[in-house]
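Trainee: Residue numbers (our numbering), protein chains in the order written: chain A, 550 to 995; chain B, 550 to 995. The structure follows.
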């Protein structure tokens with residue numbers, strides 16, 4: 550027992566559970582700057598788009614058909630489908646669909662995908678109780694702040710240990726958001742957070758299976774149920790997060806409490822959210838961005854290309870080194886495929902990682918001419934791309950930060966295009982455009 | 550024991566997830582000795598009694614009223630009540646009620662309360678699908694074996710870290726049991742275990758709150774849902790339990806795989822179940838037993854007592870060190886209160902941990918005269934009790950093993966009396982007697 554957490558248990562942690570409860574209850578509606586509020590709009594809109602894009606995926610079909618065995622009451626909407634299910638199950642399913650394509654948002658400091666758990670719980674509850682868009686945006690922003698600050702407190706030890714931090718912090722953000730929406734007082738919200746603290750979801754071994762997107766869904770459901778329980782007088786420890794045998798010290802050897810308390814309500818992690826422009830692992834994004842830039846700026850077509858050379862951080866080949874992917878899912882783990890579609894289509898969305906495109910002869914022909922050099926001197930966020938044409942002309946670009954990073958965020962227009970790409974096939978193009986406008990239009994404080 | 554699991558990650562663990570799936574699917578009905586099968590009958594009967602005893606407790610009222618907000622379908626029985634709710638919610642509520650009084654069963658090697666998660670999930674599913682008592686007993690026995698063997702694999706590090714091992718292994722046993730009941734094949738059952746592996750429930754900081762009994766309930770629900778998901782094709786890692794970033798290496802620095810594989814299907818942890826004669830944490834049972842023995846054998850009354858001294862294993866004060874409990878629930882975490890009621894009433898059932906008794910002046914007066922000495926040389930299962938009377942006479946007893954231990958198990962008749970004490974007020978005395986007979990009557994193999 551000598552080296553375990555109890556020996557160094559911190560008995561003097563600040564009252565984190567209480568502090569977060571007070572924050573979630575008392576912080577005023579839209580009590581943050583315009584930039585953070587715009588980011589909240591983008592976060593919610595991007596979450597809706599991702600959930601729509603996967604609404605008919607087999608992962609969602611499977612989960613929904615299991616939920617249907619419970620004969621749920623039609624309380625809340627399953628996004629992009631006609632079914633309605635009870636609030637808790639809606640939180641589960643929408644959380645699953647929003648993360649199915651690994652195409653959602655990322656809080657880069659912790660690799661948390663914050664909307665999956667928090668927006669899914671918020672929306673399910675708000676849909677049933679007919680709450681306003683402003684209430685949703687307020688609750689979601691506060692909930693994301695809770696998840697990401699707890700994430701900052703425990704990252705990286707917690708993640709290194711094996712937890713999928715999105716699901717293992719998400720139930721806290723979801724509980725805070727739902728408590729806010731239900732109008733719980735501080736004591737009740739403290740209980741909601743406490744109940745949620747017993748329900749972390751997800752280990753990293755599940756990556757590559759349906760259980761990965763299950764994590765944000767299950768965290769959303771757990772948080773929502775925790776708030777409902779607290780609203781009915783259910784109790785938990787008042788120090789469920791910070792006590793020596795509370796959640797944080799149990800599942801992480803690092804607990805930097807200042808990451809939670811410092812600047813709470815002033816400095817916003819929720820304002821640091823980013824969105825994936827490409828539907829694959831983030832390490833390939835600089836390469837794809839470089840390829841898409843060359844295509845756009847240099848005006849060549851695929852058949853003119855003799856050879857492509859990527860110089861990348863070693864992690865890229867470690868995570869995405871598949872030379873000859875055969876199906877869409879394998880394409881997501883091939884930087885060669887990713888570069889080829891960047892050059893041929895100028896984008897790398899869900900369609901570009903479908904079986905059809907991965908098996909397309911033109912794509913395969915170009916993919917086979919892509920080489921990648923693992924270079925430890927390259928930074929993870931950068932890539933160096935050289936395209937040699939058959940004509941003998943050579944084009945080169947160095948991407949310091951890919952689009953979608955904090956330094957080069959996706960523009961509203963790029964995010965809109967991503968949304969339309971996902972929502973269009975489900976809603977129809979015109980309805981998708983209208984939906985986007987509705988989601989991105991600024992929403993006044995309550 | 551290392552500071553960080555990743556440093557010494559075990560990449561060569563046996564295929565535990567697969568092995569347990571094969572076991573849960575292929576082991577024959579009643580494929581164990583008569584003694585183990587009788588223990589299974591006792592386990593299930595004791596679980597029913599505990600759930601009945603708490604059916605009207607505020608913890609259950611609160612949880613059930615939260616579940617009712619979801620407008621659940623009346624699929625399965627809430628034990629001891631007229632309401633019916635969907636299968637998953639029934640697993641939750643019955644798991645909560647069965648553990649509300651901390652009066653259920655214990656696998657002493659790990660301090661797991663196995664029936665709470667496993668029987669609750671099993672019964673909820675079986676009630677809806679109208680499965681036989683034999684199917685329930687088979688599934689429960691196999692599920693308990695899964696929970697307890699995983700518990701053996703990770704105990705004590707996992708528990709020391711802060712996990713409430715009942716809820717953090719229970720979802721695996723519940724998933725295995727439900728997979729068995731649903732007739733899933735080995736591949737599907739492996740997925741059910743995998744999905745469950747992302748949903749451990751509970752930290753020890755919650756002890757003394759409603760969230761403690763929530764743990765077995767939530768684990769039951771998670772396991773049941775995992776089996777339903779697997780039945781509909783939902784996927785998880787095939788090595789979700791044993792991989793370096795699977796559950797076991799993520800939430801425990803100890804992973805002794807042989808505890809899972811050795812003698813599986815031959816030697817039965819499920820046969821080692823024990824039942825609490827006293828309605829509080831097991832670590833106080835030797836002290837209570839000693840106090841009750843002295844009262845019975847020495848014939849003094851409370852007002853004669855000058856001072857009581859307990860010499861106990863350090864864990865007793867760590868878990869039950871509350872000096873001045875104010876309500877019944879807190880009394881359960883006070884070895885001082887437990888000793889006082891043992892001396893005053895000769896028992897420590899549900900009534901002795903009620904608000905009324907915890908606030909009783911005579912009890913308080915005696916409780917304040919109880920001292921406890923933490924002695925690392927004492928074994929956890931033993932206690933040394935000295936009662937000094939005002940007359941100057943001193944009485945002493947050393948309890949090697951308390952009643953309810955493996956060495957001094959509760960007899961069938963004692964277990965029956967415990968059942969009637971709990972079931973009688975809910976069902977009526979005659980119906981309670983009939984129920985007991987039905988539950989304890991041997992059930993032939995299918």
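Cβ atoms here follow ideal geometry from the backbone N, Cα and C, with glycine treated the same way.
(1) With distances taken from CA atoms, which of A:923, A:845, A:916 is nearest residue 1012 (chain A)?
(2) Would you say residue 561 (chain B) faces chain A, with C-beta separation under 9 Å as the test?
(3) Suppose you measure from the CA of residue 835 (chain A) to the CA of residue 869 (chain A); what does that come to, to the nearest Å?
(4) Is the shortest distance between the beta-carbon of residue 750 (chain A) and the beta-carbons of chain B less than 9 Å?
(5) In chain order, what residues of the same chain have a beta carbon less than 6 Å from the beta carbon of residue 913 (chain A), not counting five sequence neighbours either side?
(6) Any C-beta of chain A within less than 8 Å: which residues of the region 712 to 725 of chain B qualify?
(7) When you compare the CB of residue 914 (chain A) with every CB in chain C, is at least one pair closer than 9 Å?
(8) Is there a Cβ from chain A that is less than 9 Å from the Cβ of residue 660 (chain B)?
(9) Ordered along the chain, which non-local residues of its own chain (more than five positions away) have a Cβ less than 6 Å from that of residue 951 (chain B)?
(10) Is the Cβ of residue 780 (chain A) closer than 9 Å to any Cβ of chain B?
(11) Determine the burial state of residue 876 (chain A): buried for a count of at least 16 other Cβ atoms within 10 Å of its Cβ, exposed for fewer.
(12) Counting only Cβ-Cβ distances shorter than 8 Å, please list the residues of the region 591 to 615 of chain A near chain B, keeping chain order.
(13) Which residues, in order along the region 635 to 669 of chain A, keep a beta-carbon less than 7 Å from a beta-carbon of chain B?
(14) Strictly by DSSP, which residues pair up with residue 655 (chain B)?
(15) Of all the alpha helix (DSSP H) runs that stay within the bounds of the region 899 to 941 of chain A, which reach a length of 4 or more residues?
(16) Are three or more beta carbon pairs between the region 736 to 747 of chain A and the region 642 to 662 of chain A nearer than 8 Å?
(17) Kindly list the residues whose CB is nearer than 8 Å to the CB of residue 671 (chain B), restricted to its own chain and excluding five residues on each side of it in sequence; keep chain order.
(18) When you compare only the Cα positions, how much space is there between residue 720 (chain B) and residue 573 (chain B)?
(19) How would you call residue 694 (chain B), buried or exposed, if buried means at least 16 neighbouring beta carbons within 10 angstroms?
(20) Between the alpha carbons of residue 910 (chain B) and residue 771 (chain B), how many angstroms are there, rounded?
(21) Give every residue of the same chain whose Cβ lies closer than 8 Å to the Cβ of residue 823 (chain B), excluding the five residues on either side of it in the sequence, and list them in chain order.
(22) Going by DSSP, what residue range makes up the beta strand (DSSP E) through residue 750 (chain B)?
(23) Which residues of the region 731 to 751 of chain A have a Cβ closer than 9 Å to any Cβ of chain B? Give them in chain order.
(24) With DSSP collapsed to three states, give me the class of residue 694 (chain B).
(25) Which whole-angstrom value is the C-beta distance of residue 570 (chain B) and residue 738 (chain B), which I expect to be below 8 Å?
(26) Quick one: what's residue 858 (chain B) bridged to in DSSP?
(27) Measure the alpha-carbon distance for residue 949 (chain B) versus residue 566 (chain A) and round it to whole angstroms.
(28) With 16 other CB atoms within 10 Å as the buried threshold, where does residue 766 (chain B) fall?
(29) Give a single yes or no on whether residue 868 (chain A) has its beta carbon closer than 8 Å to a heavy atom of the ligand COA.
(30) In angstroms with no decimal places, state the Cα-to-Cα distance between residue 559 (chain B) and residue 803 (chain B).
(31) To the nearest angstrom, how far is the alpha carbon of residue 973 (chain A) from that of residue 832 (chain A)?
(32) Which chain A residues are close to residue 794 (chain B), counting only those with a beta carbon under 7 Å from its beta carbon?
(33) Just verifying my parser: in three-state terms, what is the DSSP assignment at residue 727 (chain B)?
(34) Below 8 Å CB to CB, which residues in the same chain sit around residue 895 (chain A) once its five sequence neighbours on both sides are set aside?
(35) Given a cut-off of 9 Å, decide if residue 568 (chain B) and residue 854 (chain B) are closer than it, judged by their beta-carbon atoms.
(36) Does the separation of the CB atoms of residue 752 (chain B) and residue 633 (chain A) fall below 9 Å?
Mentor: Put simply:
(1) The shown model of chain A, from 550 to 995, leaves out residue 1012 (chain A), and the question about it has no answer.
(2) no
(3) 13 Å
(4) yes
(5) none
(6) 712, 713, 716
(7) Absence of chain C from the displayed structure is noted, the protein chains being A and B.
(8) no
(9) 834, 835, 838
(10) yes
(11) exposed
(12) 607, 608, 611, 612, 614, 615
(13) 635, 636, 637
(14) B:823
(15) 904 to 907, 910 to 916
(16) no
(17) 685, 688, 689, 692, 723, 726, 727, 730
(18) 14 Å
(19) buried
(20) 43 Å
(21) 654, 655, 656, 657, 953, 954, 955, 958, 959
(22) Note, residue 750 (chain B): premise wrong, no beta strand (DSSP E); not H, not E.
(23) 740, 743, 744, 746, 747, 748, 749, 750, 751
(24) helix
(25) 4 Å
(26) B:920, B:935
(27) 41 Å
(28) buried
(29) What this structure holds is no ligand at all, so the ligand COA is not there to describe.
(30) 11 Å
(31) 28 Å
(32) 711, 752, 753, 754
(33) helix
(34) 841, 844, 845
(35) no
(36) no
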